[in-house]
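Residue numbers (our numbering): 410 to 647.
Cβ coordinates follow ideal geometry from the N, Cα and C atoms, glycine included.
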């Protein structure tokens, strides 16, 4: 299952004068939502998609319309009545009766991953994070071990130049649930939120094999801030 959590407030966009959530904005003839979801275009006919949304700005109807236009075969829209305590809780609230053994691929609604294909090594690990080489300390980070394994993850704490692009894989829903339960019991938040990347530390500590997959700069574009949006708009304007 591919899960797209999208309950963020788009506060930076509204403060910059935009009147819609960022995923509803048009970018070179397509919505930001459409461009993000098309990261998984190869799986539109084979995989189930779950979108966890807010209820305002007619978001469920907007998502439904875009998914029909994109011809996504199997999807579910879960509209939450309240804010959440971060992306990890958002995903959890959207999973519903998803089977414990269901693999989860989680991605952002403001990132465009060009030509994504699931790595062949997923059968040989319990989870993985997709990463790129980046600057700054506002990312989730991976500490690399041998053979592409992850030894530790951090949130907003730079321990390497390997930054998560927001694509996370858990081989089993039950592993995600167990890691989040542990985080909640220990109140392991960052600035009051439960992030996904730190959940892997609990699994690593339990003996799980977590890997990372390094991609290049041409494979991805970010659209999470007004400045990033404007850069892409100017680059792609027709």
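Membership of residue 474 in the alpha helix (DSSP H) is indicated by the continuous run 468–479. Bridge partners of residue 572 according to DSSP: 541, 550. Under a 10 Å Cβ-count criterion, residue 549 is classified as buried, with 16 or more other Cβ atoms of the shown protein chains found around its own Cβ. Of the other Cβ atoms in all chains shown, fewer than 16 fall within 10 Å of the Cβ of residue 644; this residue is therefore exposed. Going by C-alpha positions, residue 446 is about 11 Å away from residue 525.
By a beta-carbon distance limit of 8 Å, residue 456 does not contact residue 520. Their separation comes to about 18 Å. In this structure, residue 540 places its C-beta atom within 7 Å of the C-beta atom of residue 571. Taking C-alpha positions only, residue 433 is separated from residue 501 by approximately 24 Å. Each residue's CA atom was taken as its position, placing residue 585 and residue 410 some 13 Å apart.
Under the 10 Å beta carbon count, residue 556 is surrounded by fewer than 16 other beta carbons and is classified as exposed. As the crow flies, the alpha-carbon of residue 578 is around 5 Å from that of residue 537. In the DSSP assignment, residue 599 falls outside any beta strand (DSSP E), carrying neither H nor E.
At the C-beta level, residue 462 and residue 468 come within 7 Å of one another. Sixteen is the threshold: when 16 or more other Cβ atoms of the shown chains lie within 10 Å of the Cβ of residue 606, as they do, the residue is buried.
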